[in-house]
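All residue numbers for the sequence shown refer to my numbering, where the first residue is 56 and numbers rise by one.
All C-beta atoms in this analysis are idealised placements derived from N, C-alpha and C, irrespective of residue type, glycine included.
All remarks here apply to the structure that follows.
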Amino acid sequence: MVDVILGLQWGDEGKGKIVDFFAKDYSVVARFQGGPNAGHTLYVNGQKIVLHQIPSGIFHPGIKNLIGNGVVLDAVTLKRECASVAALGVDVKKNLFISERAHLILPTHRALDKAAELSKGEQKIGSTLKGIGPTYMDKTGRNGLRVGDLLDKNFTTQYIKLRLKHQRLLDNHNFQEDISAWETEFFEAIEFLRSLNIVNGEYFINDAISSGKRVLAEGAQGSMLDIDFGTFPFVTSSNTVSAGVCSGLGIAPQRIREVYGVTKAYCTRVGSGPFPTELNDETGETLRKIGNEFGATTGRPRRCGWIDLVALKYACMLNGVTAIVMTKADVLDAFATLEACTAYQIDGKETAQMPFQLDPAKMQPAYRSFPGWEQAITEFRNDSELPQAMQSYIQFIEEYLGVPVKFVSNGPGRDQLIERKG
Ligand code: GDP
Ligand code: IMO
Ligand code: MG
């Protein structure tokens, strides 16, 4: 049996914290897509940790953590991250497993990412420049190198062949940067990677399921960044929706039980692309300040706005969300009035469906207003303590979406999560 935790917006919904909280009830936590473009923040014993490649169950000693075949892996980031979790007492040789089918991010993939973004000018995606797009392109283009290839004695020959191919592309882009230092780091890191548990991920996970163990699949990015259903082309290069769990881990759809969709009580986006409810004003600035909305991977300021229920309902449909986890509710504590987008006005017509293209010039969000609760909620631990104005805001959202909001997060800490009984 597999449960899933994934993001319903444009990423950074607080998935890391939620996975860390839920993990204690599972035997395996597995990442199924994305790569080091992710930045999942956890607080362990009050200390802040940001994970990019390692699943967020790693701080629970009895839990196995799998990097699935659907992930693209940067050995350099992984080595660095292993060192930082090992310093906190984690035994990665015991609790971390990597699918031999996961594709490797090469130094030239990172260079290609940079070159592609530069060539797009104003139209750039706002990529994290971690090499995600070019690595997935080599996967679907059937050129890429996989973790399992590291165990082949011809790995270096294969690497040089692919590097040559990339060099020609980089020359076309007139890319001049010297990447030899990245290569040195890469070869040191793959030596380390070879010493970790490289496994057949699909048997690893299916054996666990067959023996009655509970598996938690951890999404990266968010549904609106999905390669098929997100705001294309301003998306990432993987399927971030729950369908990606099957192809990214090698499990059958009927194995999936709960799909926990994580959403902020408002909305953010980092990088380019349409964002209907974005607030380019003082309110947006206040959300950014109170919510500390700066990217966990790149440090970029996140764009902020009100919750977008049209996009959320679309994400619930795509993922088959069975329960919602609402994070960062405390960030709204200070607001006298809250808004929630309930429809889009496009060319004078109102719709509650996600259109083919979100063209900011042609659309206007329609809002419903709510009174704020104007009180601090971070110390609360029980549903019954939550202010009535907040309950009304949440009830409207769950009725609109047709999915219960089962958990409310009221701070970044491990214990700041309230289960709603209603
Ligand atoms: P992820 O990528 O979905 O794991 O989210 P990030 O870690 O990139 O961003 C979420 C940020 O919000 C992190 O800094 C978390 O520590 C913080 N956070 C998570 N939940 C809450 C919450 O309920 N309230 C507040 N104030 N911060 C939270
Ligand atoms: P987590 O898992 C927020 C965004 C980038 C850019 C677009 C494409 O922490 O929620 P890419 O590097 O994939 O080519 O970038 O996607 N993006 C994220 N935004 N959270 C993330 O991950 C993201 N991963 C990628 O900013 O707009
Ligand atoms: Mg993040």
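Residue i and residue j closer than 8 Å at C-beta
i           : j           : result
residue 373 : residue 296 : yes
residue 126 : residue 88  : yes
residue 298 : residue 93  : no
residue 85  : residue 272 : yes
residue 363 : residue 322 : yes
residue 154 : residue 124 : yes
residue 97  : residue 70  : no
residue 380 : residue 461 : yes
residue 360 : residue 393 : no
residue 463 : residue 300 : no
residue 313 : residue 377 : yes
Identified DSSP bridge partners for residue i
i           : result
residue 421 : 398
residue 120 : 84, 151
residue 464 : 472
residue 405 : 400
residue 378 : 315
residue 204 : Per DSSP, none; premise fails for residue 204.
residue 60  : 273, 315
residue 175 : DSSP output for residue 175 lists no bridge partner at all.
residue 158 : 127, 201
residue 89  : 126
residue 98  : 103
residue 137 : Residue 137 pairs with nothing; no bridge assigned.
C-alpha distance - residue i paired with residue j, whole-angstrom precision
i           : j           : result
residue 254 : residue 80  : 23 Å
residue 192 : residue 198 : 8 Å
residue 244 : residue 134 : 6 Å
residue 225 : residue 102 : 41 Å
residue 269 : residue 136 : 25 Å
residue 422 : residue 174 : 37 Å
residue 164 : residue 149 : 30 Å
residue 206 : residue 196 : 22 Å
residue 251 : residue 311 : 28 Å
residue 181 : residue 350 : 12 Å
residue 159 : residue 387 : 41 Å
residue 418 : residue 117 : 50 Å
residue 474 : residue 285 : 30 Å
residue 476 : residue 438 : 7 Å
residue 306 : residue 294 : 15 Å
Buried/exposed call for residue i, threshold 16 Cβ in 10 Å
i           : result
residue 409 : buried
residue 56  : exposed
residue 447 : exposed
residue 315 : buried
residue 78  : buried
residue 119 : buried
residue 242 : exposed
residue 46  : Because the chain is modelled from 56 through 477, residue 46 falls outside the range shown and cannot be assessed.
residue 258 : exposed
Cut-off 6 Å between Cβ atoms - residues of its own chain near residue i, not counting five sequence neighbours on either side
i           : result
residue 91  : 107, 108, 129, 132, 185
residue 290 : 280, 282
residue 324 : 65, 330, 358
residue 190 : 127, 158, 160, 164
CB contact below 8 Å: residue i versus chain D
i           : result
residue 221 : Protein chains in the displayed structure number just one, and chain D is not present.
Close Cβ partners of residue i (< 8 Å) along its chain, the five nearest in sequence each way excluded
i           : result
residue 391 : 426, 427, 429
Own chain partners of residue i with C-beta closer than 7 Å, once the 5 adjacent residues on each side are dropped
i           : result
residue 140 : 109, 113, 147
residue 400 : 418, 419, 421
residue 411 : none
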